[in-house]
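Each residue of the sequence shown is one higher than the one before, starting from 12 at the first, in my numbering. We put the CB at the ideal spot given by N, CA and C, even for glycine.
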Amino acid sequence: MRSLSRARAIAYGAMALFGVAAVTFTRPLPRVAVATVTRAAVPQQGAKRVRHDTLGRRETLAQVLGRAGLSATEARAALKASTLLEPRNIRVGMPLLFSSGPDDVSPTEVRIGLAIDRYVRLRRGATGWVGEEERLPWWTDTIVVSGVVRTHLYAAVDFAARDLLASATRDRLTDALAALYEFRIDMSRDLRVGDSFTVIAERQHGPEKAVRVGRILTATAKFSGLTIEAIPFKSTKVAGEYFDGDGRPLRSGFLHSPLELRRVTSGFGMRRHPILGTMRRHAGTDYGANAGTPIRAIGDGVVIKAGWGNGYGNTIELRHPNGFVTRYGHMRGFAKGVRMGTRVTVGKTIGYVGSTGLSTAPHLHFEVLVRGAARDPRIALRNTSSDPIPAAERQTFAQARSDALALLRSPALLANGDASSAKQAQTSLATPQQ
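Right under this line is the structure:
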């Protein structure tokens, strides 16, 4: 996953030499348990004998139980005591802990780790084996990360949150921030040196010092000279989880790119055709990517073509509710179930990058047609967001926006030790007003 994130980082474009960022860290909010412990995290050992083991490659749980001293019959009975021990939950390296009394010939209790915070405990009683699930607690605090882009978004967040999150977790925060704004900006082409962001997010702490990023509570960013706020709000009329300062949902309209991992190899306009060698107008944007890379529908629509398109090779065309048509060419193949008449939703995989038709290497040719004429996607897809929230909800949205901006502009609200104010501010954002 780390390599995947770094591949995405390269795609977001190198513009300088190093990411410089300012970081603000808030004091932890009052701890909020998001799971409850049903049993003690570690068995009472006392006079008991304890044995640790792990599930090896090409091993079964029954074999590991046998190695610990259970007969084949007992192992089968123990494993049948829990419905959670199904094949999809079994993985190489699963930790097992066996407990037995000083006079026991074989273990009387087995603890099997399904995840870092989730276990199955098997106990042998007078009537046989009994299984139960055990969950360990997580608690949540809040972090504020502010950064300035010098190369790409990953480098900026990596530098900004270096004292707050581990490397892989910083990448997850970048993924979440990029996903938040991907309907408004193409991170591979539009990000500029000096662009900045501030994001307030939950940081969750779990067993064995595990840390992960939770929900983004609010954010603001200045990308390509445009300031875009991300205000959490629940509207009864307009779909969306986050809205900009004008009350328009951030995830609406169209994605700015049909590929997640990509690089622009040829833009819209005149160019020399790589095969024909003649100067001609290039009617779309070419994205270089590995063969087999999933291609996403950039918006809701209906498939009006899924077949061979001569020079375009395997081609899909989608008609969208606003009348736009998007075309995807040189595909290796189509996703299962995608055919003429199929309705697709934004972000759905419709096919895979290939090199069919007049193509020299794997890439995606992408077009936007407005009233039948090809338009530069960068221009055509601007300002295509949905209608804003209705007038009846404007007052409640204004209050939600005011709360979010107060938190963004006054990090001291969380850092000054005023726990009641901090808790109230987080509650307002975590549970948007209806």
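Anyone know if the C-beta pair for VAL156 and VAL168 falls short of 8 Å?
Reading the sequence shown from its first residue, position 145 is the one you call residue 156. Reading the sequence shown from its first residue, position 157 is the one you call residue 168. A contact, by the Cβ cut-off of 8 Å.
Nearest neighbour of VAL210, chosen from ARG181, ALA221, SER235, ASP201 [CA to CA]
The residue labelled residue 210 in the question sits at position 199 within the sequence shown. Nearest option by C-alpha distance: ARG181.
Give me the Cα-Cα distance between ARG262 and LEU369, rounded to the nearest whole angstrom.
Within the sequence shown, the letter at position 251 stands for residue 262. Within the sequence shown, the letter at position 358 stands for residue 369. The straight-line gap from Cα to Cα measures roughly 34 Å.
Distance between PRO399 and ALA384 (C-alpha atoms, nearest Å):
Residue 384 sits at position 373 when you count from the first residue of the sequence shown. Residue 399 sits at position 388 when you count from the first residue of the sequence shown. So the alpha carbons of these two residues sit roughly 28 Å apart.
Hey, could you find the ends of the alpha helix (DSSP H) THR185 is sitting in?
Along the sequence shown, one-based indexing puts residue 185 at 174. Segment 178-192, the alpha helix (DSSP H) holding THR185.
Could you pull out every residue in the same chain whose Cβ sits closer than 8 Å to the Cβ of ALA79, ignoring the five residues on either side in sequence?
Your numbering for residue 79 matches position 68 in the sequence shown. ARG62, ASP64, LEU107, PHE109, SER117, PRO118, VAL121.
Starting from TYR323 and walking both ways along the alpha helix (DSSP H), at which residues does that stretch end?
Residue numbering aside, residue 323 sits at position 312 when the sequence shown is read from its first letter. No alpha helix (DSSP H) contains TYR323, which DSSP labels as neither H nor E.
Quick one: using the 10 Å Cβ neighbour count with 16 as the cut-off for buried, is THR49 buried or exposed?
As a working note, residue 49 is residue 38 in the sequence shown. Low confidence applies here, because THR49 scores a pLDDT of 34, under 50, leaving its location unreliable and the question unanswered by this model.
Along the beta strand (DSSP E) that carries ASP414, what are the first and last residues, could you check?
Counted from its first residue, the sequence shown places residue 414 at position 403. It is not in any beta strand (DSSP E) - ASP414 instead sits in the alpha helix (DSSP H) that spans 405-420.
Exposure label - ASN474; buried when at least 16 CB within 10 Å
The first residue shown for the chain is 12 and the last is 445, placing residue 474 beyond what the model contains.
Roughly how many angstroms lie between the CA atoms of PRO401 and GLY264, to the nearest whole one?
Stepping through the sequence shown from its first residue, residue 401 is reached at position 390. Stepping through the sequence shown from its first residue, residue 264 is reached at position 253. Taking the straight line joining both Cα atoms gives about 17 Å.
Mind checking which residues open and close the alpha helix (DSSP H) that includes ASP152?
Reading the sequence shown from its first residue, position 141 is the one you call residue 152. Counting along the chain, ASP152 falls outside any alpha helix (DSSP H), though it belongs to the beta strand (DSSP E) covering 150-159.
Is the beta carbon of SER235 closer than 8 Å to that of ARG259?
Translated into the one-based positions of the sequence shown, residue 259 becomes position 248. Translated into the one-based positions of the sequence shown, residue 235 becomes position 224. No, Cβ-Cβ distance for ARG259 and SER235 is not below 8 Å.
Residues near ALA88 in its chain [Cβ-Cβ closer than 8 Å; skip 5 each side]
On the sequence shown, residue 88 is found 77 positions in, with the first residue counted as 1. Excluding positions up to five away in sequence, the list reads GLY139, TRP140.
The alpha helix (DSSP H) with ASP169 in it runs from where to where?
As a working mapping, residue 169 is identified with position 158 in the sequence shown. Looking at the DSSP string, the run of the alpha helix (DSSP H) that includes ASP169 is 164-171.
For ALA189 versus MET198, is the C-beta distance shorter than 8 Å?
Along the sequence shown, one-based indexing puts residue 189 at 178. Along the sequence shown, one-based indexing puts residue 198 at 187. At the C-beta level, ALA189 and MET198 come within 8 Å of one another.
Coarse secondary structure for GLY256, derived from DSSP in three states
Within the sequence shown, numbered from 1, the residue matching residue 256 stands at position 245. Three-state DSSP puts GLY256 in coil, outside helix and strand.
Entirely within the stretch 362-398 and at least 3 residues each: give me those beta strand (DSSP E) ranges in chain order.
374-381, 384-386
Same chain only: Cβ atoms within 6 Å of ALA403, ignoring 5 sequence neighbours per side
Residue numbering aside, residue 403 sits at position 392 when the sequence shown is read from its first letter. There are no such residues.
Does the stretch 223-230 come within contact of the stretch 370-379, defined as at least 3 CB pairs closer than 8 Å?
Using a C-beta cut-off of 8 Å, the stretch 223-230 makes no contact with the stretch 370-379, since fewer than three inter-stretch Cβ pairs fall below that distance.
For ILE101 and GLU143, what's the separation of their Cα atoms in angstroms?
As a working mapping, residue 101 is identified with position 90 in the sequence shown. As a working mapping, residue 143 is identified with position 132 in the sequence shown. So the alpha carbons of these two residues sit roughly 16 Å apart.
What residue range is occupied by the uninterrupted beta strand (DSSP E) comprising THR247?
Here residue 247 refers to the residue found at position 236 of the sequence shown. Per DSSP, THR247 belongs to no beta strand (DSSP E) and is neither H nor E.
Rounded distance between the beta-carbons of VAL349 and ASP311, thought under 8 Å
Within the sequence shown, the letter at position 300 stands for residue 311. Within the sequence shown, the letter at position 338 stands for residue 349. The pair is not a contact, with the Cβ atoms about 14 Å apart (cut-off 8 Å).
GLU70 - partner residues in DSSP beta bridges:
Sequence index remark: in the sequence shown, residue 70 carries index 59 (1-based). DSSP output for GLU70 lists no bridge partner at all.
Is there a C-beta anywhere in chain C that falls below 8 Å from the one on VAL155?
No chain C appears in this structure, which consists of one protein chain only.
What are the partner residues of PRO327, as DSSP defines its beta bridges?
Your numbering for residue 327 matches position 316 in the sequence shown. For clarity, residue 327 is Ile in the given sequence; the question names Pro instead. Looking at the DSSP assignment, ILE327 forms a beta bridge with ALA317, TYR339.
Closest by CA to THR243, which one among ARG389, ASP152, GLU271, LEU416?
The residue you call residue 243 lines up with position 232 of the sequence shown. Checking the sequence, you will find Pro at residue 243 rather than Thr. It is LEU416.
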